[in-house]
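**Q** I have a structure here, written as structure tokens, and I will follow up with some questions on it.
6 protein chains.
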Amino acid sequence: MTPFDALRRVPTATITTMLLKKGIRHCWMNGAMPLAAGYPRVVGAAFTLRFVPVREDLATPESWAKPISTRAAIEAMPEGCIAVADAMGVATAGIFGDILVMRMARRNVTALVTDGVIRDKVGVLAAKLPVWCQGTAAPASVNGLTFVGWNEPIACGGCAIFPDDVIVADDDGAVVIPKDLVDFVAAEGEEHERYESWVVSEVERGVPLPGLYPPNDDAKARYAAWKAKRS
Amino acid sequence: MTPFDALRRVPTATITTMLLKKGIRHCWMNGAMPLAAGYPRVVGAAFTLRFVPVREDLATPESWAKPISTRAAIEAMPEGCIAVADAMGVATAGIFGDILVMRMARRNVTALVTDGVIRDKVGVLAAKLPVWCQGTAAPASVNGLTFVGWNEPIACGGCAIFPDDVIVADDDGAVVIPKDLVDFVAAEGEEHERYESWVVSEVERGVPLPGLYPPNDDAKARYAAWKAKRS
Amino acid sequence: MTPFDALRRVPTATITTMLLKKGIRHCWMNGAMPLAAGYPRVVGAAFTLRFVPVREDLATPESWAKPISTRAAIEAMPEGCIAVADAMGVATAGIFGDILVMRMARRNVTALVTDGVIRDKVGVLAAKLPVWCQGTAAPASVNGLTFVGWNEPIACGGCAIFPDDVIVADDDGAVVIPKDLVDFVAAEGEEHERYESWVVSEVERGVPLPGLYPPNDDAKARYAAWKAKRS
Amino acid sequence: MTPFDALRRVPTATITTMLLKKGIRHCWMNGAMPLAAGYPRVVGAAFTLRFVPVREDLATPESWAKPISTRAAIEAMPEGCIAVADAMGVATAGIFGDILVMRMARRNVTALVTDGVIRDKVGVLAAKLPVWCQGTAAPASVNGLTFVGWNEPIACGGCAIFPDDVIVADDDGAVVIPKDLVDFVAAEGEEHERYESWVVSEVERGVPLPGLYPPNDDAKARYAAWKAKRS
Amino acid sequence: MTPFDALRRVPTATITTMLLKKGIRHCWMNGAMPLAAGYPRVVGAAFTLRFVPVREDLATPESWAKPISTRAAIEAMPEGCIAVADAMGVATAGIFGDILVMRMARRNVTALVTDGVIRDKVGVLAAKLPVWCQGTAAPASVNGLTFVGWNEPIACGGCAIFPDDVIVADDDGAVVIPKDLVDFVAAEGEEHERYESWVVSEVERGVPLPGLYPPNDDAKARYAAWKAKRS
Amino acid sequence: MTPFDALRRVPTATITTMLLKKGIRHCWMNGAMPLAAGYPRVVGAAFTLRFVPVREDLATPESWAKPISTRAAIEAMPEGCIAVADAMGVATAGIFGDILVMRMARRNVTALVTDGVIRDKVGVLAAKLPVWCQGTAAPASVNGLTFVGWNEPIACGGCAIFPDDVIVADDDGAVVIPKDLVDFVAAEGEEHERYESWVVSEVERGVPLPGLYPPNDDAKARYAAWKAKRS
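Note that the protein sequences, when read in sequence, are chains A, B, C, D, E and F. Quick note: the first sequence uses this note's numbering, first residue 503, plus one each step. Quick note: the second sequence uses this note's numbering, first residue 503, plus one each step. Quick note: the third sequence uses this note's numbering, first residue 503, plus one each step. Quick note: the fourth sequence uses this note's numbering, first residue 503, plus one each step. Quick note: the fifth sequence uses this note's numbering, first residue 503, plus one each step. Quick note: the sixth sequence uses this note's numbering, first residue 503, plus one each step.
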């Protein structure tokens, strides 16, 4: 099983706890929440997009035909990537609308993650590309943002994202795993999930949490026994 | 077809792009989002309502019986209008509750739009008046706001709204069209929608966006041919 | 009927108006909204929890085994209480996840209310404990918060909450009733609800609001007659 | 001595405490602080100015020549008034610059108070008109604001200001006194100041605060004696 | 030399860098800046004060005479301590005014630090107690805050402060040192200051920063030589 | 006279008005204000610096020795440039301290402009490099920021800054002039200043503003006469 396959079974909540073991507290992107209910957990390498504030002479519908444009960026996205857009948290201009999202879906991009918002909500939902964002606004990106490039380090929701970091997103939001820590998080995350599933079964039979979660020696022994029996 | 009929077929996302052609970037009301899913797109002339912060000696339940009150304002609303309330973005006092909204529905007001919040959410939804707002709070308007008048210029969600400007609201939020630009937006918006529906069909068959959206000469020619065939 | 039974029939919107009669404007907790639709209205005595910002040497997974920990606090919660957590409005660290919420449900806690966020959203919903909060985040509380104690006065969503104040929460959010005012609010709230149900029937038959809500002498007489007939 | 003369000797801190006796908590304008050190305390009737957000077709340098303009408003200001401008707290567009402030000074306006900012700081200081504001920005009002009128009720820094309310401003900021409460505040404020000056003398000789401020019976008696001796 | 004496010579900027070596990033209190220029650097054990939001029935001038009051807290402050007040960042109600600050000065309190604001600015400055705060407001604490106790863990400006942590404040603001790390910070801080004074002399003679700050082997050797010569 | 020489005589307030003639409203950097009083107006080509949020494994004191570091960036700054740093408005980590600013001064950099804050305030002031920023914080950049590069397009205070745009800063803050508009702004700005100096003389002799500023035909004629006489 690849690390990406493993990560598809590890909730983002658990990933943040694994990263905290390595001293990393800034890994969950503030504002990037699922646009719709029911998305599967997604995993992919980050393909970054960067916006700066609107400059009225540059951020125009005409800019959409330039070599450095959101259109060109989409054509550069590799299959399976997760596009992560730094919109500086701007909530009044939709970075992408239905047509761009349709094209991304067509190119087999895995998901779109941003600390900004999208537009054409109905059409974006119809395009079936999973989106994590802050919400919806009617105006186009050029109303408030100037697109400046792709595959650079970016900020997104209070996190630093570097190209090829790994993104995981689910109902609790979107997290970034530095690429050197992907194997660690995948391995530790799986074991942590196993442990938590045992804890859940203990809570269901009425065991109080102190001594159980985190475990004291007795709980550790009972967990070890349970785990041995399962394998 | 009247301009209002035309606008009912033009998404707010498109309207903002048409207004940008006229240099207008402040037209989408920040914070005014649909209270429930599934509202139709609404169009109507703005009937404005204005609040200032609470003054404890004035903002009392007793004030509701005064000549300048939200009750009196509702009786002044013409059929078909869209009430737009400047709540200064205050999210802790509901400007209207179920009873006031029921009365507005009864008077055939088209919709309520505000950068503030409503209260009695269950009752407001039951009243069937479409509402665009920032959310819900339990306290009444007098908890945080003083009502001062109607049919004056107001601020709403970062936009200037003048009486008789035209409001359009849908899933992407609510926009204001200055009344002198209504015909322009209705006409341009329809053509833009036609063009985007052709673009969607192109994207569906795998055409990349650069050269298509916005169109280069080849795309323009293909679009012209498609359009000619349709009419 | 106990005051708690009465309060279960009084909307939070009405409670805030009754408290305003006593000069209390700070009673609705900003940011504490239902995590899911369809919760019943809940009523319970406040059991408070207090967090301060993260101190990296203290806010660690190891801290979860300490005597002053969220785990120990849960074991101290009496049946039927409503746990109210002061998370200082922090939206980037989930104060509780699925396992803690499961344990609270198991202990027959009535609800959890916070100005912060929860994590493990899917699991929290599955645990069936009603939750009022600001939203969801993946990181654990120790990512951004240090737990310091329970049953102390706290801040929550701009309100002061003292242990044994009474909490009521419904679709419009969560309110706090100072314990000395519970009887007053329960009694006045019931009468107010009766009056509003008559107003609704009047609005349904087309009566305008001025003179009706608030009532002039004629409306008062008609209401008295209606009330007499009902009893 | 007129109430205005009395108020010139009552600090804004004391005025807020007097207003609290009448249940008024919203009287200090958030964001309106002295632009320079050393202004005298100022007192005057409010002359209100109102801005809404920029509409690009209206908020232009050309608008400065219209009948409803900041220029026309200044000519309508009576001698001795305090101009209070509702800038919705916008900090990125200076409502007035040096030339407008010079003209206000020339017309014997007492002061300018706003929750927004001014521009041309050096020139504004040179014009010698005392200004309470949030700071300074280079852009003109039309960069972010549309002027819509004067002598209407406004919001300023979280307070409601009605024309002819009385404004007092000093080093602690600017407060509004509802016009019906001016006599009360002036009278009570003077007595409160007298009492605090006695408290200061007590603290200077080492008396602890409990029992002194607020006074117990003993302290009340000592104060009465001190006051009798002084008069 | 005591650690406190040593810390009086270590800038807060350096202290934050020493704490980062121990993994502590949350140690500088956001919003707590010097009220006046020219204060000496202050060092003292934290004496904490805690406020929650206003509850109108509790936060009244009458509350000032209660056993749990700011007045009583001041009488409990030991000589030399630094009072640190959690005002939840509220900027619209001054936690202390001139009289309370005078009493603190009289009791030989070293300084007052808060993420809120003070009132009676002129009088507070006259009292000569150094104050780090967010600014000034005219209203009293009871206008927006309820005082609930002292010597408890608190939040202040995004930091956790525990009683007996050590506070250092200077022109760059106020920092908290966990009490177990005071000796470490004092010792490392002194050496770091020595090193930086050498770096300054290098920069003055035109040495570029790469290789110097942080030092490469050559720079380390030169610094060692300089240090040896000095001692 | 070069355009830069001309711009040294044009206030930033006037520059924003000239840019508005070209439809540019986003040119004044929110948050970048003079650190000290009395700086001369500065003009220079923008040298951009870019930060993203802290990633704990990258933003460490060790990072200061890497090839992409603030140290290396300073060595790349050309004489006379104005360094503009995108700190994403973060106010809790000082991007530069005294030593880095000393080195910039030594390299004859004209000024530092940022939407963030500096540290070591006393030392920065002593270094005599003019600084426009949001304020001061004790922690180093690595406490909250990761440096990622220089001479890229950046955001600063809500503006887009491209390398070689021209920056002008004075008491009203800092503005960016797109490089293609520098000649226009310099020429128009000078004439505008001349006109305003005449307006000031008119206001001084008591002329009302309507008809004067902006000028009607009569005022235009009088200004033309005044101008003719001067040259």
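Every residue, glycine too, gets a C-beta built ideally from N, C-alpha and C. Computed from a predicted model, the values in this text were never measured in an experiment.
1. Between which residues of its own chain and residue 686 of chain F is the CB-CB distance below 8 Å, once the five residues before and five after are set aside?
2. Alpha carbon to alpha carbon, how far is residue 586 of chain C from residue 586 of chain A?
3. Spell out whether any CB of chain F is found under 8 Å from the CB atom of residue 715 of chain E.
4. Could you tell me the alpha carbon to alpha carbon distance between residue 710 of chain D and residue 575 of chain E, rounded to whole angstroms?
5. Quick check: is the beta carbon of residue 675 of chain E nearer than 8 Å to any beta carbon in chain F?
6. Near residue 594 of chain B, which residues of its chain fall below 6 Å by C-beta distance, leaving aside the five closest residues on each side in sequence?
7. Which residues in the same chain as residue 643 of chain E place their Cβ atom closer than 6 Å to its Cβ, once the five residues preceding and following it in sequence are excluded?
8. Just the Cα atoms here: how many angstroms apart are residue 714 of chain B and residue 696 of chain F?
9. Of all Cβ atoms in chain F, is any one closer than 8 Å to the Cβ of residue 536 of chain D?
10. Which chain D residues are close to residue 656 of chain B, counting only those with a beta carbon under 7 Å from its beta carbon?
11. Would you please verify whether the beta carbon of residue 519 of chain E is less than 8 Å from any beta carbon of chain F?
12. Nearest chain E C-beta to residue 708 of chain D closer than 8 Å, yes or no?
13. Using the rule of at least 16 other Cβ atoms within 10 Å of the residue's Cβ for burial, across every protein chain shown, is residue 503 of chain E buried or exposed?
14. For chain F, find out if any of its Cβ atoms is closer than 8 Å to the Cβ of residue 514 of chain E; answer yes or no.
15. Check residue 556 of chain D in the structure and name its three-state DSSP category.
16. My guess is that residue 548 of chain F and residue 663 of chain F are in contact by the Cβ rule of under 8 Å, so how many angstroms apart are they, rounded?
17. Going along the chain, which residues of the stretch 597-615 of chain D sit with their C-beta nearer than 8 Å to a C-beta in chain F?
18. Flag this pair as touching only if the stretch 607-614 of chain D and the stretch 557-575 of chain D have three or more C-beta atom pairs under 8 Å; answer yes or no.
19. Excluding sequence positions up to five away, which residues of its chain have a Cβ less than 7 Å from the Cβ of residue 533 of chain A?
20. Given that a residue counts as buried once 16 or more other Cβ atoms are within 10 Å of its Cβ, and exposed if not, what is residue 558 of chain F?
21. Any chance the stretch 527-543 of chain F sits against the stretch 670-681 of chain E, with 3 or more Cβ pairs inside 8 Å?
22. Could you please tell me which residues of the stretch 565-592 of chain F, in chain order, have their CB closer than 8 Å to any CB of chain E?
23. Quick one: Cα of residue 624 of chain D to Cα of residue 602 of chain D, how far?
24. Can you tell me whether residue 651 of chain E is helix, strand or coil according to DSSP?
25. What residues of chain D sit near residue 623 of chain E, judged by a beta carbon separation below 8 Å?
26. What first and last residue would you give for the alpha helix (DSSP H) that runs through residue 684 of chain B?
27. Which chain B residues sit within Cβ distance under 7 Å of residue 648 of chain D?
28. When you compare each of F/600, F/627, F/633 and F/518 to residue 614 of chain F by their alpha carbons, which one comes out closest?
29. State the start and end residues of the unbroken alpha helix (DSSP H) segment that holds residue 504 of chain E.
30. Taking 8 Å as the cut-off, decide whether the C-beta atoms of residue 688 of chain A and residue 508 of chain A are in contact.
31. Could you name the residues of chain B that residue 544 of chain C contacts, counting a contact when the two beta carbons are closer than 9 Å?
32. Could you work out which residues of chain B lie near residue 532 of chain A, taking near to mean beta carbons separated by less than 8 Å?
33. Taking Cβ positions, are residue 545 of chain D and residue 506 of chain D nearer each other than 8 Å?
34. Does the CB of residue 680 of chain B have a neighbour CB from chain D at under 8 Å?
35. Reducing DSSP to helix, strand and coil, say where residue 546 of chain D ends up.
36. Which of the three DSSP states, helix, strand or coil, is assigned to residue 563 of chain D?
**A** Let me lay it out:
1. Looking up residue 686 of chain F in the sixth sequence gives position 184. Result list for residue 686 of chain F: 520 and 524, in chain order.
2. Numbered from 1 along the third sequence, position 84 holds the residue referred to as residue 586 of chain C. Numbered from 1 along the first sequence, position 84 holds the residue referred to as residue 586 of chain A. One C-alpha to the other measures close to 36 Å.
3. Working through the fifth sequence from its first residue, we reach residue 715 of chain E at position 213. Chain F, which has a Cβ nearer than 8 Å to the Cβ of residue 715 of chain E, makes this yes.
4. Position 208 of the fourth sequence, counting from 1, holds the residue named residue 710 of chain D. Position 73 of the fifth sequence, counting from 1, holds the residue named residue 575 of chain E. Spanning the alpha carbons of residue 710 of chain D and residue 575 of chain E requires a straight line of approximately 11 Å.
5. On the fifth sequence, residue 675 of chain E is found 173 positions in, with the first residue counted as 1. Chain F contact via Cβ: present.
6. In the second sequence, the residue the question calls residue 594 of chain B occupies position 92. So the qualifying residues of the chain are 639 and 646.
7. Residue 643 of chain E sits at position 141 when you count from the first residue of the fifth sequence. Residues of the same chain with a CB within less than 6 Å of the CB of residue 643 of chain E, apart from the 5 flanking positions on each side, are 595 and 597 in chain order.
8. To locate residue 714 of chain B, count along the second sequence from 1; it is residue 212. To locate residue 696 of chain F, count along the sixth sequence from 1; it is residue 194. Going from the Cα of residue 714 of chain B to the Cα of residue 696 of chain F covers about 50 Å.
9. Position 34 of the fourth sequence, counted from the start, is the residue given in the question as residue 536 of chain D. Among the CB atoms of chain F, none fall inside 8 Å of the CB of residue 536 of chain D.
10. Taking the second sequence and counting its residues from 1, one reaches residue 656 of chain B at position 154. The contacting residues are 554.
11. Here residue 519 of chain E is taken as the residue at index 17 of the fifth sequence, counted from 1. Judged by the 8 Å Cβ criterion, residue 519 of chain E is in contact with chain F.
12. For the purposes of this step, residue 708 of chain D is identified with residue 206 of the fourth sequence, where counting begins at 1. Taking Cβ atoms only, chain E reaches closer than 8 Å to residue 708 of chain D, which makes this a yes.
13. If you number the fifth sequence from 1, residue 503 of chain E lands on position 1. In the assembly as shown, residue 503 of chain E is an exposed residue. Its beta-carbon has fewer than 16 other beta-carbons within 10 Å.
14. Counting from one through the fifth sequence, the residue named residue 514 of chain E turns up at place 12. Closer than 8 Å: yes.
15. Indexing the fourth sequence from 1 puts residue 556 of chain D at position 54. In the structure shown, the three-state DSSP call for residue 556 of chain D is coil.
16. Position 46 of the sixth sequence, counting from 1, holds the residue named residue 548 of chain F. Position 161 of the sixth sequence, counting from 1, holds the residue named residue 663 of chain F. Indeed, because the Cβ distance is near 5 Å, the residues count as touching under 8 Å.
17. Within the stretch 597-615 of chain D, the qualifying residues are 599, 600, 601, 602, 604, 605 and 608.
18. Touching, no.
19. By 1-based counting over the first sequence, the position of residue 533 of chain A is 31. Close CB contacts of residue 533 of chain A within its chain, under the 7 Å cut and outside five residues either way in sequence, are with 591, 617, 636 and 659 (chain order).
20. The sequence position of residue 558 of chain F within the sixth sequence is 56, counting from 1. By the neighbour-count definition (other C-beta atoms within 10 Å, threshold 16), residue 558 of chain F is a buried residue.
21. Because the criterion of three Cβ pairs below 8 Å is not met, the stretch 527-543 of chain F and the stretch 670-681 of chain E do not touch.
22. In summary, the residues of the stretch 565-592 of chain F whose CB is separated from some CB of chain E by less than 8 Å are 566, 567, 571, 573, 574, 576 and 577, in the order they occur in the chain.
23. Mapped onto the fourth sequence, residue 624 of chain D falls at position 122. Mapped onto the fourth sequence, residue 602 of chain D falls at position 100. The straight-line gap separating the alpha-carbon atoms of residue 624 of chain D and residue 602 of chain D is approximately 13 Å.
24. The sequence position of residue 651 of chain E within the fifth sequence is 149, counting from 1. Here residue 651 of chain E sits in strand by DSSP.
25. Residue numbering aside, residue 623 of chain E sits at position 121 when the fifth sequence is read from its first letter. Correct list: 673 and 674.
26. Mapped onto the second sequence, residue 684 of chain B falls at position 182. Segment 684-706, the alpha helix (DSSP H) holding residue 684 of chain B.
27. What you label residue 648 of chain D is simply residue 146 of the fourth sequence in a count that begins at 1. Below the 7 Å Cβ cutoff, chain B contributes 662 as neighbours of residue 648 of chain D, in chain order.
28. Along the sixth sequence, read from residue 1 onward, the residue named residue 614 of chain F stands at position 112. Of the listed residues, the one whose Cα sits closest to residue 614 of chain F is F/633.
29. For this step, residue 504 of chain E is matched to residue 2 along the fifth sequence. That residue, residue 504 of chain E, is in no alpha helix (DSSP H); it is neither H nor E in DSSP.
30. What you label residue 688 of chain A is simply residue 186 of the first sequence in a count that begins at 1. What you label residue 508 of chain A is simply residue 6 of the first sequence in a count that begins at 1. For the pair residue 688 of chain A and residue 508 of chain A, the CB atoms are nearer than the 8 Å cut-off.
31. As a position in the third sequence, residue 544 of chain C is number 42, starting the count at 1. Within 9 Å Cβ-Cβ: nothing; residue 544 of chain C doesn't reach chain B, min ~14 Å.
32. Position 30 of the first sequence, counted from the first residue, corresponds to residue 532 of chain A. Residues of chain B with a Cβ closer than 8 Å to the Cβ of residue 532 of chain A do not exist; the shortest Cβ-Cβ separation is about 18 Å.
33. Here the question's residue 545 of chain D lines up with position 43 in the fourth sequence. Here the question's residue 506 of chain D lines up with position 4 in the fourth sequence. A contact, by the Cβ cut-off of 8 Å.
34. The count along the second sequence starts at 1 and reaches residue 680 of chain B at position 178. Flagged as an interface residue toward chain D: residue 680 of chain B, by a C-beta distance shorter than 8 Å.
35. Taking the fourth sequence and counting its residues from 1, the one referred to as residue 546 of chain D is at position 44. Reduced to three states, the DSSP call for residue 546 of chain D is strand.
36. Here residue 563 of chain D is taken as the residue at index 61 of the fourth sequence, counted from 1. Helix at residue 563 of chain D.
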